[in-house]
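Since the structure comes first, as C-alpha cells, the remarks are kept for the end.
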Amino acid sequence: MENFTNETIDTSNLPRYETVALTKLHPNYWKEILISRGLVLLVLGIAVVFGVVFIEELTDYKGLVVSIYGLFVLVFFFFSNIAYKKKAYAFRNHDVIFRSGIIATNTMVIPYNRVQHVALHEGFIARFFGLAKVEIFTAGGVSSDLEIPGIAKEEAENIKQLLMGKIQKQL
Numbered sequence: 008m009e010n011f012t013n014e015t016i017d018t019s020n021l022p023r024y025e026t027v028a029l030t031k032l033h034p035n036y037w038k039e040i041l042i043s044r045g046l047v048l049l050v051l052g053i054a055v056v057f058g059v060v061f062i063e064e065l066t067d068y069k070g071l072v073v074s075i076y077g078l079f080v081l082v083f084f085f086f087s088n089i090a091y092k093k094k095a096y097a098f099r100n101h102d103v104i105f106r107s108g109i110i111a112t113n114t115m116v117i118p119y120n121r122v123q124h125v126a127l128h129e130g131f132i133a134r135f136f137g138l139a140k141v142e143i144f145t146a147g148g149v150s151s152d153l154e155i156p157g158i159a160k161e162e163a164e165n166i167k168q169l170l171m172g173k174i175q176k177q178l
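Per this note's numbering, residue 8 is the first one in the sequence shown, and the count goes up by one each step.
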C-alpha cells in the first residue's frame, strides 16, 4: 500500500506568468476601434441633436446637453485607448496568456489541454484593416472563453493552426 503524502508547494519558486513578454495588439486595431465605436457614437450624437431640437423641455439646455455628450465622447475614447493599450497576449509551450482591463488588469492563462475548439472571426471593419479575432473555446462553454482581437489575419491563421495542432495531439 502506497503512503499518501500532501506536501506544501513553495509558491515563490513557481514559474511567473508576469515575466512573460506579451505581444501587443496590431496598431490597426486602434483604428478599427475608432471607426466602429465612432459610428455608434455618431448615431447616438444624432439622437442627442434630434432630442435637443425636437423636445421642448431640452431647448433651454442645448449647450449643457451637447457639452455633456461631448465630455462623454472624450471619456469614452480615453478609456477605450487605455483598454486597447493594456490588451496583450502570448503563446507558450503549454498555454496561452491574455491580459486586458481598464482599471483592474485581468490575466487569463488557458492551458492547451483545456482547449476544445478554435475559431477565427473577421468583422467588416477588421477585414478592411487585415485583422482578425481568435476565439478559444474550452470544455463546458457555449461562448468563447477567450477572444484575442486585433491580430493580423495571417498571424491569426497561424495561431489557429498552432492551437488546432495542440488539440489534435491531445486526441
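C-beta: ideal position from N, C-alpha, C; glycine also. Bear in mind the structure is a predicted one, so any value in this text is a computation, not a measurement.
Alpha-carbon to alpha-carbon, Leu81 and Val103
Indexing the sequence shown from 1 puts residue 103 at position 96. Indexing the sequence shown from 1 puts residue 81 at position 74. Their Cα atoms are separated by approximately 33 Å.
For Arg106, the residue or residues it bridges with in DSSP
To locate residue 106, count along the sequence shown from 1; it is residue 99. Note: Arg106 sits in a beta bridge opposite Ala95 and Thr114.
Going by alpha carbons, who is nearest to Leu138 out of His101, Gly108, Ile40 and Ser87?
Your numbering for residue 138 matches position 131 in the sequence shown. Closest option to Leu138, Cα to Cα, is Ile40.
Touch check for the region 66-86 and the region 118-138: three-plus C-beta pairs under 8 Å?
The way I'd put it, the region 66-86 doesn't touch the region 118-138; fewer than three beta-carbon pairs between them come closer than 8 Å.
Mind checking whether Tyr96 and Leu29 have CB atoms under 9 Å apart?
Position 89 of the sequence shown, counted from the start, is the residue given in the question as residue 96. Position 22 of the sequence shown, counted from the start, is the residue given in the question as residue 29. Yes, the pair counts as a contact, with Cβ atoms nearer than the cut-off.
Unbroken stretches of the alpha helix (DSSP H), 4 residues or longer, contained in the region 17-97:
35-61 and 69-93
Identify which residue in Phe83, Ile62, Thr18 and Arg106 has its Cα closest to the Cα of Leu49.
For the purposes of this step, residue 49 is taken as the residue at position 42 of the sequence shown. Residue Phe83 is the option with its Cα nearest to Leu49.
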